[in-house]
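K.L.:
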Amino acid sequence: MTEMDAAEADAAFAECCDLVREMTKIYGADEDAQRVRDLDAAMERAQNQHDAHEREMESAIRELARRCKVAERKATGGEESGGGAPERELGRRRDEIKSKKQRMDVVVNEEIPATKREVSLYAHISNIAWHYEERNRVVGRVNARASRDVRSIDMPLRPGNEFRVANALWEMMD
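Under this note's numbering, think of the first position of the sequence shown as 3, with each following residue one higher.
Right, here's the structure in full:
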């Protein structure tokens, strides 16, 4: 071996020895293990705090639920102990409203269309054109068939004179 090769080999060997010493020092050091232990301890503390907070929240929720039940009992007047009057009243009112709605449905779906048909039929038969805008008067036109004459109607409508108005209309149509 030449002197150069021997010097290079000695340098490489010295470098290897330095690396082995450095690695031994690193592996012998407890820094990483201590960091892991510190992290484990921090995680355990965080878990303990979380568990304590969770227990605290659970007890607070139970207390609020208890208070809510007490408030409900006070608000309903001890309904569970045989009261129930407000709910019976609400049920009665609901039934009344359903009944009124059914009556209104009958009026809207049956009576109003039937009345419209009757008024239309009466208007075609009697040849009277009504002016419905006037509420306190009977106003319109009558087409008298016999005389082929169109006559105006304008009469007051008061309680008790319905028969007089009807007779006057019949006379106009003849």
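The beta-carbon is built from N, C-alpha and C at its ideal position, and this holds for glycine as well. Here the structure is a predicted model, which is why all the values come from computation and not from measurement.
My output table needs one value for S149: the three-state DSSP class, helix, strand or coil.
P.N.:
Walking along the sequence shown from the start, residue 149 turns up at place 147. If DSSP states are grouped into helix, strand and coil, S149 belongs with coil.
K.L.:
Below 7 angstroms between beta carbons: does that hold for N138 and L159?
P.N.:
As a position in the sequence shown, residue 138 is number 136, starting the count at 1. As a position in the sequence shown, residue 159 is number 157, starting the count at 1. Going by C-beta atoms, N138 is nearer than 7 angstroms to L159.
K.L.:
Alpha carbon to alpha carbon, how far is E136 from R153? Give it in angstroms, no decimals.
P.N.:
Here residue 153 corresponds to residue number 151 of the sequence shown, with the count starting at 1. Here residue 136 corresponds to residue number 134 of the sequence shown, with the count starting at 1. If you take the alpha carbons of R153 and E136, they lie about 18 angstroms apart.
K.L.:
If A146 sits next to M175, beta carbons under 8 angstroms apart, how far is it from one beta carbon to the other, in whole angstroms?
P.N.:
To locate residue 146, count along the sequence shown from 1; it is residue 144. To locate residue 175, count along the sequence shown from 1; it is residue 173. A146 to M175, Cβ: 6 angstroms. Contact.
K.L.:
Going by DSSP in three states, R143 sits in which element: helix, strand or coil?
P.N.:
Indexing the sequence shown from 1 puts residue 143 at position 141. Three-state result, R143: strand.
K.L.:
Considering A62, what are the terminal residues of the alpha helix (DSSP H) in which it resides?
P.N.:
Walking along the sequence shown from the start, residue 62 turns up at place 60. 33-78 is the span of the alpha helix (DSSP H), which, as asked, contains A62.
K.L.:
Note down, in chain order, each residue of its chain lying with its Cβ closer than 6 angstroms to the Cβ of M157, except the 5 sequence neighbours on either side.
P.N.:
Here the question's residue 157 lines up with position 155 in the sequence shown. Excluding residues within five positions, the ones whose Cβ falls inside 6 angstroms are V140, V167.
K.L.:
Mind checking L144: buried by the 16 CB within 10 Å criterion, or exposed?
P.N.:
Looking up residue 144 in the sequence shown gives position 142. It should be pointed out that residue 144 corresponds to Val in this sequence rather than to Leu. Buried.
K.L.:
Identify the continuous alpha helix (DSSP H) that holds N169 and give its terminal residues.
P.N.:
If you number the sequence shown from 1, residue 169 lands on position 167. Element bounds for N169: 164-175.
K.L.:
Among the residues of its own chain, which have a CB less than 6 angstroms from the CB of A131, if the five just before and after it don't count?
P.N.:
Taking the sequence shown and counting its residues from 1, one reaches residue 131 at position 129. Cβ within range, chain order: G142, R143.
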